[in-house]
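Let me begin by presenting the structure, written as structure tokens, before commenting on it.
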Amino acid sequence: MVVVHLNGNFDNKLLFLAGGTGTPKLLMGVRRILNDDKLTIIGNTADDDIFYGLLISPDIDTLIYLFSDQLDLKKFWGVKNESFNALNQIEKYGEEIWFRLGDKDLGLHLVRNKLLLQGCNYHEVVQELCSRLGVTAKIIPMTNDHVRTKLLTKSGLELSFQEYTVKMRENITIQSVRYEGSEKAAAVEEAVNAISNADTIIIGPSNPITSIGPILSIRELKTALCNTEAKIIAVSPLSSGKAFSGPAARLMNELNIEATSLGIAKLYREFLNTVIICNNDKELQDEINKLGIKTICTNISLKTEYEREELTKIILKECKK
Ligand code: FO1
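Mapping of the sequence shown onto the numbering used here: residues 139 to 459, in sequence order.
Below you can see the structure in the form of structure tokens.
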């Protein structure tokens, strides 16, 4: 397939807000049209967790692996052609191994840990890792501070995001979600500046509760989104009330948030200009338009390279002129 690079004719400052699966899929399409150095991404860090003493940062790592061409594109997390020798060894010491850390992935976690121990803040660590891997997209973690998604189950158990999604396989009813630490957390300054200086901001089709929600829970980032001159476009992660991947629809239902693209538009209504929704959801257009938000109906499934590239073209046409 021919890669259509528009770089010469495209000087829009683009910023993405990203979680771990939907937005990286969209970014694969964007990469086929624009050079990585044209892209800035603010990544969620509230899925982060500690395993065997090492900080693991799934959403940021997916972005790093994507932009260094190492991502396992079957799972959309971890490194391709991975092995699990270290994990099998860890199990021999009686440790739980429900969170599958691969050998190559551990390389990243060890170097990150070293940089953190040397006193770098988290954004500096990500910059250093990207620079060592030759990543030219700007990946900015939302905060250097501790923010963690915590999910309270109906039975009163509070789970981390990884316990909920990987250990429990989302097989448990959630009553409420909070973002531990978000009230005190400061945004990374470059993230605030990126929002203020962008021409167009794309809220990718990531989970609004566990991926975009934590980013919005940081006051400075939400305020910057409400005040920016940028055009803000969201891509819905839902079609006919179902998520393309992950627990977004299920969680929204359990939290009594309308699990449709209208629900998505309502969640982002304070700052949203345009929402891109699935062809199947055409009947929601009028209700969304009544909120003062423009709708574009198209194929948003992002399953194939062709679909990713086509959606990118639609987004680029909608960018602030
Ligand atoms: N997801 C799984 O379903 N099972 C795993 O064992 C698993 C391990 C894992 C290790 C490193 C990493 O960066 C991500 C990993 N994920 C795993 C994905 C992760 O749980 C979620 O997909 C993201 O947090 C969602 O954004």
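Idealized CB from N, CA, C, for every residue including glycine.
inquiry  = Considering only heavy atoms of the ligand FO1, does any lie closer than 8 Å to the CB of Ile347?
reply    = To locate residue 347, count along the sequence shown from 1; it is residue 209. No - the ligand FO1 has no heavy atom lying nearer than 8 Å to the Cβ of Ile347.
Segments assigned alpha helix (DSSP H), at least 4 residues, entirely inside the region 309–372 = 327–335, 351–354 and 357–365
inquiry  = Considering only DSSP beta bridges, list what Asp187 is partnered with.
reply    = Locating residue 187 in the sequence shown gives position 49, where the first residue counts as 1. For Asp187, which the question treats as bridged, DSSP gives the partners Ile194.
request  = Examine the ligand FO1 and report whether any of its heavy atoms sits within less than 8 Å of the Cβ of Arg238.
outcome  = In the sequence shown, counting from the first residue as 1, residue 238 sits at position 100. Arg238 Cβ: within cutoff of the ligand FO1.
query = Using the rule of at least 16 other Cβ atoms within 10 Å of the residue's Cβ for burial, across every protein chain shown, is Ile341 buried or exposed?
reply = Numbered from 1 along the sequence shown, position 203 holds the residue referred to as residue 341. Under this definition Ile341 is a buried residue.
query = alpha helix (DSSP H) containing Cys268: first to last residue?
reply = Residue numbering aside, residue 268 sits at position 130 when the sequence shown is read from its first letter. Start and end: Tyr260 to Leu271.
request  = Give the DSSP-derived three-state secondary structure of Ala275 in the structure shown.
outcome  = Reading the sequence shown from its first residue, position 137 is the one you call residue 275. DSSP places Ala275 in coil when its eight states are reduced to three.
ask   = Looking only at DSSP bridge pairs, what is Cys110 linked to?
value = Residue numbering for the chain in the displayed model covers 139 to 459; residue 110 lies beyond these limits and cannot be assessed.
query = Could you give the C-beta distance for Arg407 and Leu429, rounded to a whole number, given that I count them as a contact under 8 Å?
reply = Numbered from 1 along the sequence shown, position 269 holds the residue referred to as residue 407. Numbered from 1 along the sequence shown, position 291 holds the residue referred to as residue 429. Right, their Cβ atoms sit about 5 Å apart.
ask   = Looking at the unbroken beta strand (DSSP E) that takes in Thr436, where does it start and where does it end?
value = For this step, residue 436 is matched to residue 298 along the sequence shown. Unbroken beta strand (DSSP E) run through Thr436: Lys432 to Thr436.
query = If we ignore side chains and look at the alpha-carbon of each, how far apart do Ile370 and Phe382 end up?
reply = By one-based count along the sequence shown, residue 370 stands at place 232. By one-based count along the sequence shown, residue 382 stands at place 244. Distance between the alpha carbons of Ile370 and Phe382 is about 22 Å.
request  = With a floor of 3 residues, list each beta strand (DSSP E) that falls wholly inside the region 403–448, ordered by position along the chain.
outcome  = Those beta strand (DSSP E) runs which fall completely within the region 403–448 and span 3+ residues are 412–416 and 432–436.
task = Determine the direct distance from the alpha carbon of Glu229 to that of Asn182, and round the result to whole angstroms.
result = Walking along the sequence shown from the start, residue 182 turns up at place 44. Walking along the sequence shown from the start, residue 229 turns up at place 91. If you take the alpha carbons of Asn182 and Glu229, they lie about 29 Å apart.
inquiry  = Short of 7 Å in beta carbon distance, which residues of its chain neighbour Asp243, apart from the five on each side in sequence? Order them along the chain.
reply    = Walking along the sequence shown from the start, residue 243 turns up at place 105. By the criterion of a C-beta distance shorter than 7 Å, Asp243 is surrounded in its chain by Gly216, Val217 and Glu220, once the five residues flanking it on both sides are discounted.
message = Less than 8 Å separating the Cβ of Thr361 from some heavy atom of the ligand FO1?
response = Position 223 of the sequence shown, counted from the start, is the residue given in the question as residue 361. For the ligand FO1, not one heavy atom lies less than 8 Å from the Cβ of Thr361.
query = Can you list, in chain order, the residues of its chain whose CB lies under 8 Å from that of Ile312, leaving out five sequence neighbours each side?
reply = On the sequence shown, position 174 is the one that residue 312 refers to. Excluding positions up to five away in sequence, the list reads Leu289, Leu290, Thr291, Lys292, Tyr302, Leu389, Glu392 and Leu393.
key: Span separating the alpha-carbon of Gly272 from that of Glu262   = Your numbering for residue 272 matches position 134 in the sequence shown. Your numbering for residue 262 matches position 124 in the sequence shown. Roughly 15 Å between the two C-alpha positions.
ask   = Do Phe461 and the ligand FO1 come close, with the Cβ less than 8 Å from some heavy atom?
value = Any property of residue 461 remains undetermined from this structure, which presents the chain solely from 139 to 459.
query = Whose C-beta lies closer than 6 Å to the C-beta of Met139 among residues of the same chain, with five residues either side of it excluded?
reply = Position 1 of the sequence shown, counting from 1, holds the residue named residue 139. For Met139, the pLDDT reaches just 37, beneath the cut-off of 50, and the residue's location in the model is therefore unreliable, leaving the point undetermined.
query = Got a sec, what are the start and stop residues for the alpha helix (DSSP H) Ala386 sits in?
reply = Start at 1 with the first residue of the sequence shown, and residue 386 comes out as number 248. Run containing Ala386: Ala386 to Glu392, per the alpha helix (DSSP H) assignment.
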